[in-house]
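Order-wise, the sequence lines are chains E and B. To convert, note that position 31 of the first sequence is 31 in UniProt numbering; the numbers rise steadily by one, no gaps. To convert, note that position 27 of the second sequence is 27 in UniProt numbering; the numbers rise steadily by one, no gaps. Ideal placement from N, C-alpha and C gives every residue a C-beta, glycine not left out. It should be emphasised that the depicted structure is a prediction, and the values quoted were computed from it without experimental measurement.
Protein chains: 2
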Amino acid sequence: MTESSEPGAGPRRAKRVDAFRNEQKLLDAAASVFVEVGVDAPVRAVAAAAGVGVGTIYRHFPTRADLVVAVYRHQVDMLAAAGPSLLATSGSPDAAVRDWLDQFVDFLVTKHGLAAALQDDKVGAALHQHFVDHLVPVCAELLAAATKGSGGAGLTAYEVLRGVGNLCIGAGQDPMFDTRRVVRAYVSGVLIGEDVGRG
Amino acid sequence: MTESSEPGAGPRRAKRVDAFRNEQKLLDAAASVFVEVGVDAPVRAVAAAAGVGVGTIYRHFPTRADLVVAVYRHQVDMLAAAGPSLLATSGSPDAAVRDWLDQFVDFLVTKHGLAAALQDDKVGAALHQHFVDHLVPVCAELLAAATKGSGGAGLTAYEVLRGVGNLCIGAGQDPMFDTRRVVRAYVSGVLIGEDVGRG
DNA sequence: TTGTTTTCCGGAACCACGTTCCGTATATTT
DNA sequence: AAATATACGGAACGTGGTTCCGGAAAACAA
């Protein structure tokens, strides 16, 4: 008890420096492998790219999903941070919502298979959780501002966000499917009152 | 050439009766396994349920995707057939589009994982193709009638259909995501003119 | 019926992937 | 340097799709 200033949880020895290095190598390698072959790249491919064994991956990231989350954590956080500022810079709350969701789409579209991975029950659980925790509140705030007057279609922020996420699945792999345009239509439906087109 | 009334393509001998029986057993077994554990059920599970070996599956259906397509072929065809009649019975072209897409959603939602399977590059290719071939023309016809006046959001029938399909991914596995409602918003955005919400 | 031919069946075997395990190597501490 | 905690590599396991092939069975011929 001579050096345990914190009760219970603290590790008795600092993390080894090679462990730190490997974690970073892993994150870098994963990031570049993910852009090259998609987020569904085999774990072994990431390990090889990082020059480590598979065991090392699992020491740092208990499951493949955790690795994916770690790789994209920064970008998710930046997206979350961009919400409030857009509310100020964009012309209207509606525009802020559209702009923010555009950024969300850009984020998903540029990562091959990320949107699809979000749905996978195995890989998706952790990813999904992280996305929801960080992005839904921001989306809710933007939506609240945008639908203050009209009321919108009555969707929850989660539904809006997940809808956009779903629409991005397979983006880029299909020239006949213009993700931007489709999402724009969806967002229009979300922001408009629910009595549209009712005969 | 004594008994070849058809040139070239006909098999020289009729299919064996046990082969017919097995194909039917396979389709029945697959259908029930798919409703119980989802369309991503292991091939071996279907084989076991049908009381045949895996080899038998692959004799009748070259790949897992072909089995899935075969199982749902009837329902896809019925959905395709329902389009034109809805145009007559529904009050307006708009309503026809909404009703038809509702049926599409019902179809996808009641099959666990079907919508997701449509995206999978492996399983999805054959499925996707079949869906596109049979459903897109019908959707195009309905859309043409509905957007004759306003113009709509300018999406192609394929984009509309695939958008709805994407939105159905994961349906039923998430109480916080009301697929019906989300799709309704999307369809509203599709049918409305594209100048909505533009400040 | 018996023999021959063609088709079909079963399931072991193969490959790819996520994950676990453990003997060995290395950093840190004494 | 010795001791100890920590991390590493990669073989091994479980699961899933798919292929292969020896044997069984149906169809046809006699």
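Query	Result
To be precise: take each residue of the UniProt domain "HTH tetR-type" (20-79) of chain B, compare its Cβ to all Cβ atoms of chain E, and keep it if any distance is under 8 angstroms. Which residues remain?	none
Since G149 (chain E) and V190 (chain E) should fall inside the 8 angstroms C-beta cutoff, what is the C-beta to C-beta distance between them, to a whole number of angstroms?	That belief does not hold up - the Cβ atoms of G149 (chain E) and V190 (chain E) are roughly 14 angstroms apart, past 8 angstroms.
If you follow the alpha helix (DSSP H) that Q103 (chain B) is in, where does it begin and where does it stop?	93-110
For chain E, is any of its Cβ atoms less than 9 angstroms away from the one on R13 (chain B)?	no
Return the CA-CA distance between G124 (chain E) and S188 (chain E), expressed in angstroms with no decimal places.	27 angstroms
Please classify G55 (chain E) as buried or exposed, where buried requires at least 16 other C-beta atoms within 10 Å of its C-beta.	exposed
What separation, rounded to the nearest whole angstrom, lies between the Cα atoms of D120 (chain E) and E23 (chain B)?	31 angstroms
Chain B beta carbons: is any one of them nearer than 9 angstroms to that of E141 (chain E)?	no
When you compare each of E:D174, E:V136, E:V164 to A81 (chain E) by their alpha carbons, which one comes out closest?	E:V136
Any beta carbon of chain E sitting closer than 9 angstroms to that of T110 (chain B)?	no
When you compare each of E:Q173, E:G193, E:C168, E:I169 to L143 (chain E) by their alpha carbons, which one comes out closest?	E:G193
So with Cβ pairs under 9 angstroms, would you call residue 247 (chain E) a contact of chain B?	An answer regarding residue 247 (chain E) cannot be provided, because it is not within the stretch 1 to 199 covered by chain E.
Count the other C-beta atoms from every protein chain shown that fall within 10 angstroms of the C-beta of E159 (chain E), then say buried if there are 16 or more, exposed otherwise.	buried
Using CA coordinates, which residue listed in E:D66, E:T156, E:L101 is at the minimum distance from G83 (chain E)?	E:L101
May I ask you to list, following chain order, the residues of the region 160-184 of chain B that have a beta carbon less than 7 angstroms from some beta carbon of chain E?	R162, G163, N166, L167, I169, G170, M176, F177, D178, R181, V182
Would you say F107 (chain E) faces chain B, with C-beta separation under 9 angstroms as the test?	no
Apart from the five residues just before and just after D94 (chain B), which ones in its own chain have a Cβ nearer than 8 angstroms to its Cβ?	A146, L191
Comparing C-alpha positions only, which one of E:P175, E:N166, E:D174, E:R59 sits nearest to A117 (chain E)?	E:N166
Flag this pair as yes or no: are the beta carbons of A115 (chain B) and A171 (chain B) separated by less than 9 angstroms?	yes
Just reading off the alpha helix (DSSP H) that G193 (chain E) is part of, what are its end residues?	No alpha helix (DSSP H) contains G193 (chain E), which DSSP labels as neither H nor E.
Where do the N-terminal and C-terminal ends of the alpha helix (DSSP H) with Q173 (chain E) fall, by residue?	Element bounds for Q173 (chain E): n/a, residue is neither H nor E.
My assumption, with CB atoms under 8 angstroms, is that A70 (chain B) sits in contact with L86 (chain B). Please give the rounded CB distance.	About 26 angstroms separates the two Cβ atoms, so there is no contact after all.
Could you confirm whether any beta carbon from chain B is found closer than 9 angstroms to the beta carbon of S188 (chain E)?	yes
Which residues in chain E have a C-beta closer than 7 angstroms to the C-beta of Q119 (chain B)? List them in chain order.	A116, I169, G170
Taking the CB atoms as reference points, tell me whether L67 (chain B) and H60 (chain B) lie closer together than 9 angstroms.	yes
Look at the alpha carbon of A185 (chain B) and the alpha carbon of E141 (chain E), and state the distance between them as a whole number of angstroms.	19 angstroms
Report the residue ranges of all alpha helix (DSSP H) runs contained in full by the UniProt domain "HTH tetR-type" (20-79) of chain B; include only those spanning at least 4 residues, in chain order.	43-50, 54-60
By DSSP, does D121 (chain E) sit in helix, in strand, or in coil?	helix
Just to confirm, is the Cβ distance from A49 (chain B) to V33 (chain B) under 9 angstroms?	yes
Does DSSP put C168 (chain B) in a helix, a strand or coil?	coil
Cβ closer than 9 angstroms: which chain B residues qualify as neighbours of residue 218 (chain E)?	Nothing can be reported for residue 218 (chain E): it is not among the residues displayed for chain E, which extend from 1 to 199.
Helix, strand or coil for E6 (chain E) per DSSP?	In this predicted model, E6 (chain E) has a pLDDT of only 45, less than 50, meaning its place in the structure is not dependable; the value taken from the coordinates is given anyway. Residue state, collapsed to three classes: coil.
DSSP three-state call for D133 (chain E): helix, strand or coil?	helix
Got a sec? Which residues, its chain only, sit under 6 angstroms from H130 (chain E) by beta carbon, not counting five neighbours each side?	V69
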